[in-house]
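Working notes for the structure below.
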Amino acid sequence: MAACAMFVLQVLAIIVIGGAARTASVEAAARSLAVEAQVTVERISGFMAPGERIVEDTVRLLDEGIISADDRELELYLLTRLANLEHISSVHVGYPDGAFLSVTAHPTEGGAFGSTRMAASGPDRIVTKTSYDSYLQPTSTTRSTDSGYDPTQRPWYRLVAGSPTARDLIWTDPYTFFFSGEPGVTGSRAHVVDGEIAAVVGVDVRLSGLDRILDDLDVIEGHNTMIVAGDHVIGNPDMEDRTLPTSGPRAPDAPELPTAAEAGMTPPDVPTGTVGRVDTASGRDLAVVVDMERPLGKGWELHLHQDEAAATDVATNQQSTMLKVMIGGTVVMLGALFVLTRVTRPIDVLAGQAATDALTGLANRRGIDADGAEMVAELANRTGLLSVLVLDLDGFKALNDRHGHHVGDDALRLLGRELRSLTRREDLVGRLGGDEFVVASRVDDLASAIEISRRVVDRLGERLRVELPQCPLGVSGGLAVGDSATAAFGDLLVEADESLIAAKVECKGMMRVADRTVSEIL
């Protein structure tokens with residue numbers, strides 16, 4: 205009799221625990237969905253960040269007079285920034301008088317890059333087009349006197365010119381680029397002199413890379429992800445065909461970007477930023493909507509769905525397993541602990557992924573900012589300096605073009621491993637994006653920072669030449685150092701990046717120290 209009672213109690217315990225596990229599964233799935241949304245936004249921000257940095261850096265150099273708006277050096281600078289960013293289509297500068305400069309990464313006749321310079325609007329307007337090889341050496345130049353292109357009438361220029369905050373970076377709605385015919389968006393910002401717009405700098409970002417980002421984030425089984433602008437679907441890995449409206453005059457029958465309904469997708473009717481339940485044709489989904497005004501602009505949203513049944517299937521199967529174990533005499537609480545461990549594991553995985561670069565295993569931009577802020581805070585309680593070294597591969601674009609992106613990925617992984625072997629455990633080592641890396645270290649003085657940084661640059665160059673002899677690769681670096689009073693991590697990162705740019709323009713393969721570091725730290 206006692207044995208029967210014990211058996212009944214065990215079965216009732218399993219039923220109660222199974223119900224609790226299913227509830228916990230749904231709650232855990234909702235938390236995981238919210239974390240996946242955060243991870244997705246972080247990845248998309250990282251995708252857009254190189255374009256934003258090109259615009260911001262170019263406007264800053266123009267504002268400070270380091271580069272002139274009509275100088276040949278501006279064209280070479282933009283080509284250097286564009287060379288290693290495959291999802292950036294072009295960078296351009298438009299002027300109020302109709303003059304225009306554009307550098308593109310589209311293959312051109314006789315070269316891998318191209319530039320277009322247009323004089324101010326008017327009769328016999330001169331248009332100069334130059335092609336460059338993968339090493340940014342000019343291969344051909346043509347001139348003509350006929351072009352109807354007016355930069356001041358383009359969406360990216362008009363948005364900035366009509367904005368009360370022209371000095372803020374603004375993203376256009378998706379459209380088809382004028383020269384390449386590719387779908388994408390343009391981010392632009394004004395260079396202002398004496399209260400008037402002197403030039404507008406814009407960067408074209410291809411949208412084709414968004415699908416790969418969404419597809420790579422398949423962390424939760426049974427999920428569906430899409431990016432929408434208004435009613436139109438911008439990114440979704442399950443869509444095979446997608447067209448965009450042109451940016452100029454359109455024919456009456458020109459195709460438009462499909463709406464979510466035309467793509468067979470139902471936008472979730474849940475408050476922005478919260479996880480809710482929505483009914484679908486196949487059952488019930490968990491869904492979350494995230495406002496993406498930053499980084500993509502107002503009206504852009506990220507939609508994530510997950511089949512609720514997929515979240516509870518694990519708990520149902522585990523309940524059956526627990527019943528068999530209970531009948532055999534296994535402790536109820538041990539089974540419950542197993543269930544909870546299995547249910548919450550995806551959250552720990554996602555939390556780690558949010559701060560780690562998937563390719564190299566180093567810290568990503570989010571991890572870099574967080575760890576860098578901690579290093580600055582610790583510096584206030586000890587003597588010494590904080591050294592920030594930003595590194596960039598020379599010839600990376602040529603490597604990808606000649607040998608494929610898998611070889612380029614191998615080079616980035618090699619660089620990550622070598623950086624770890626050349627640095628200390630307490631140093632911060634991360635990948636900023638593309639082929640840019642950062643090393644932050646606590647040092648005793650400026651001389652030590654310079655010696656360590658030069659050793660890192662030299663050793664990395666040697667290892668790359670040994671491991672990848674089929675394509676010449678080099679490493680350039682920019683160094684900034686600050687003490688407890690001046691070591692704002694973000695400022696040091698900007699100074700080091702500007703020094704890197706100056707080093708690459710002056711002579712690739714060198715390491716340059718920031719001007720403020722030399723004047724203040726010395």
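For what it's worth, my numbering labels the leading residue of the sequence shown as 205, then goes sequentially. Here a beta-carbon is modelled for each residue, glycine too, at the ideal position from N, C-alpha and C.
Buried/exposed call for L563, threshold 16 Cβ in 10 Å
Taking the first residue of the sequence shown as 1, we reach residue 563 at position 359. Burial call: exposed.
Length of the line joining the Cα atoms of G643 and V474:
In the sequence shown, the residue the question calls residue 643 occupies position 439. In the sequence shown, the residue the question calls residue 474 occupies position 270. Residue identity differs from the one stated: residue 643 is Val in this sequence, not Gly. When rounded, the distance between both Cα atoms is 42 Å.
Own chain residues within Cβ distance below 7 Å of A720, not counting five before or after
Along the sequence shown, one-based indexing puts residue 720 at 516. The sequence shown places Arg at residue 720, not Ala. Contacts found: E699.
Can you give me the start and stop residues for the alpha helix (DSSP H) that Y339 sits inside?
The sequence position of residue 339 within the sequence shown is 135, counting from 1. It is not in any alpha helix (DSSP H) - Y339 carries neither H nor E in the DSSP assignment.
Just the C-alpha distance for E578 and V331, rounded to the nearest angstrom, thanks.
Position 374 of the sequence shown, counting from 1, holds the residue named residue 578. Position 127 of the sequence shown, counting from 1, holds the residue named residue 331. It is roughly 51 Å from the alpha-carbon of E578 to the alpha-carbon of V331.
Could you check whether the Cβ of G269 sits closer than 8 Å to any Cβ belonging to chain C?
The structure shown contains no chain C; it holds only a single protein chain.
Alpha carbon of L595 to alpha carbon of F641, nearest angstrom:
On the sequence shown, position 391 is the one that residue 595 refers to. On the sequence shown, position 437 is the one that residue 641 refers to. Near 5 Å, if we compare the C-alpha coordinates of F641 and L595.
The stretch 672-691 contacting the stretch 590-606, beta-carbon criterion three pairs below 8 Å:
Because the criterion of three Cβ pairs below 8 Å is met, the stretch 672-691 and the stretch 590-606 touch.
Do G637 and L566 have their beta-carbon atoms positioned less than 8 Å apart in this structure?
Within the sequence shown, the letter at position 362 stands for residue 566. Within the sequence shown, the letter at position 433 stands for residue 637. When the beta-carbon positions are compared, L566 and G637 stay at least 8 Å from each other.
Mapping DSSP to helix, strand and coil, what is M496?
Counting from 1 along the sequence shown, the entry for residue 496 is found at position 292. Here DSSP, grouped into helix, strand and coil, assigns M496 to coil.
Tell me, please, whether the stretch 351-364 touches the stretch 394-410 by the rule of three or more beta-carbon pairs shorter than 8 Å.
Yes, they touch.
With a 10 Å radius around its C-beta and 16 neighbouring C-beta atoms as the bar for buried, classify R570 as buried or exposed.
Here residue 570 refers to the residue found at position 366 when the sequence shown is read from its first residue. Around the beta carbon of R570, 16 or more other beta carbons sit within 10 angstroms, so the residue counts as buried.
Alpha helix (DSSP H) segments (min. 4 residues) lying fully within the stretch 604-653
Uninterrupted alpha helix (DSSP H) stretches at least 4 residues long and entirely within the stretch 604-653 occur at 609-626, given in chain order.
Straight-line CA distance for V263 to R617?
The residue labelled residue 263 in the question sits at position 59 within the sequence shown. The residue labelled residue 617 in the question sits at position 413 within the sequence shown. Here the alpha carbon of V263 sits roughly 32 Å from the alpha carbon of R617.
Limits of the unbroken beta strand (DSSP E) element including P387:
On the sequence shown, residue 387 is found 183 positions in, with the first residue counted as 1. Unbroken beta strand (DSSP E) run through P387: 387-397.
Helix, strand or coil at R321 [DSSP, three-state]
For the purposes of this step, residue 321 is taken as residue 117 along the sequence shown, with counting starting at 1. In the three-state reduction of the DSSP assignment, R321 falls in the strand class.
Quick one: residues in its chain with C-beta nearer than 7 Å to the C-beta of A691, no 5 flanking neighbours on either side, listed in chain order?
Position 487 of the sequence shown, counting from 1, holds the residue named residue 691. Around A691: V580, L583, L590.
Mapping DSSP to helix, strand and coil, what is I572?
Indexing the sequence shown from 1 puts residue 572 at position 368. In the structure shown, I572 falls within a helical segment according to DSSP collapsed to helix, strand and coil.
Closest by C-alpha distance to E401, when choosing among S723, L508, G302:
Translated into positions along the sequence shown, residue 401 becomes position 197. According to the sequence as given, residue 401 is Ile; it is not Glu. Residue G302 is the option with its Cα nearest to I401.
Collapsed DSSP secondary structure at Q674 in the structure displayed:
The residue labelled residue 674 in the question sits at position 470 within the sequence shown. The DSSP-derived three-state label of Q674 is coil.
Between the C-alpha atoms of A233 and A513, what's the straight-line distance to the nearest angstrom?
As a first step, residue 233 must be located in the sequence shown, where it is residue number 29. As a first step, residue 513 must be located in the sequence shown, where it is residue number 309. Distance between A233 and A513, taken at the CA atoms: about 11 Å.
Please state the DSSP three-state secondary structure of V243.
Working through the sequence shown from its first residue, we reach residue 243 at position 39. V243: helix per DSSP, three-state reduction.
Burial state of P387, where buried means 16 or more other Cβ atoms lie within 10 Å:
Mapped onto the sequence shown, residue 387 falls at position 183. Answer is buried; the Cβ neighbour count reaches 16.
Given that a residue counts as buried once 16 or more other Cβ atoms are within 10 Å of its Cβ, and exposed if not, what is D445?
Mapped onto the sequence shown, residue 445 falls at position 241. Note that D445 scores 48 on pLDDT, short of 50, meaning its location in the model is unreliable; the coordinates nonetheless yield the value given after this. D445 is exposed by the Cβ-count criterion.
Let me know if Q510 comes out buried or exposed under the rule of 16 or more other beta-carbons within 10 Å of its beta-carbon.
Numbered from its first residue, the sequence shown carries residue 510 at position 306. With 16 or more Cβ atoms within 10 Å of its Cβ, Q510 is classed as buried.
Give the secondary structure of D489 by DSSP, where H, G and I count as helix, E and B as strand, and everything else as coil.
For this step, residue 489 is matched to residue 285 along the sequence shown. Strand, per DSSP.
At least three beta-carbon pairs within less than 8 Å, the stretch 660-667 to the stretch 608-616:
As far as the Cβ criterion goes, the stretch 660-667 does not touch the stretch 608-616, which means the pair count is below three.
When you compare each of L697, G686, T334 to T308 by their alpha carbons, which one comes out closest?
Residue 308 sits at position 104 when you count from the first residue of the sequence shown. T308 has its Cα closest to that of T334, out of L697, G686, T334.
Close Cβ partners of L632 (< 8 Å) along its chain, the five nearest in sequence each way excluded
Along the sequence shown, read from residue 1 onward, the residue named residue 632 stands at position 428. The beta carbon of L632 sits closer than 8 Å to those of A567, I572, D575, G576, M579, V642, V643, A644, S645, all from its chain and outside the five residues before and after it, given in chain order.
Is DSSP giving M714 helix, strand or coil here?
Stepping through the sequence shown from its first residue, residue 714 is reached at position 510. Taken through DSSP and simplified to helix, strand or coil, M714 comes out as coil.
Short check: CB of H607 to CB of Q674, under 8 Å?
On the sequence shown, position 403 is the one that residue 607 refers to. On the sequence shown, position 470 is the one that residue 674 refers to. For H607 and Q674, yes; Cβs fall inside 8 Å.
Nearest-angstrom Cβ-Cβ length linking G255 and G391, presumed shorter than 8 Å:
Reading the sequence shown from its first residue, position 51 is the one you call residue 255. Reading the sequence shown from its first residue, position 187 is the one you call residue 391. Between the beta-carbon of G255 and that of G391 there is about 6 Å, and that keeps the pair under the 8 Å contact cut.
If V178 sits next to T376, beta carbons under 8 Å apart, how far is it from one beta carbon to the other, in whole angstroms?
The shown model of the chain, from 205 to 726, leaves out residue 178, and the question about it has no answer.
Work out the CA separation of L697 and Y281 for me, nearest whole Å.
Here residue 281 corresponds to residue number 77 of the sequence shown, with the count starting at 1. Here residue 697 corresponds to residue number 493 of the sequence shown, with the count starting at 1. Going from the Cα of Y281 to the Cα of L697 covers about 19 Å.
Should R264 be listed as close to the ligand MG, given that the test is whether its C-beta is under 7 Å from any heavy atom?
The ligand MG is not part of this structure, which contains no ligands at all.
I need the boundaries of the alpha helix (DSSP H) containing R481, first residue and last residue.
The residue given as residue 481 occupies position 277 in the sequence shown. Careful: R481 lies outside any alpha helix (DSSP H), inside the beta strand (DSSP E) at 479-484.
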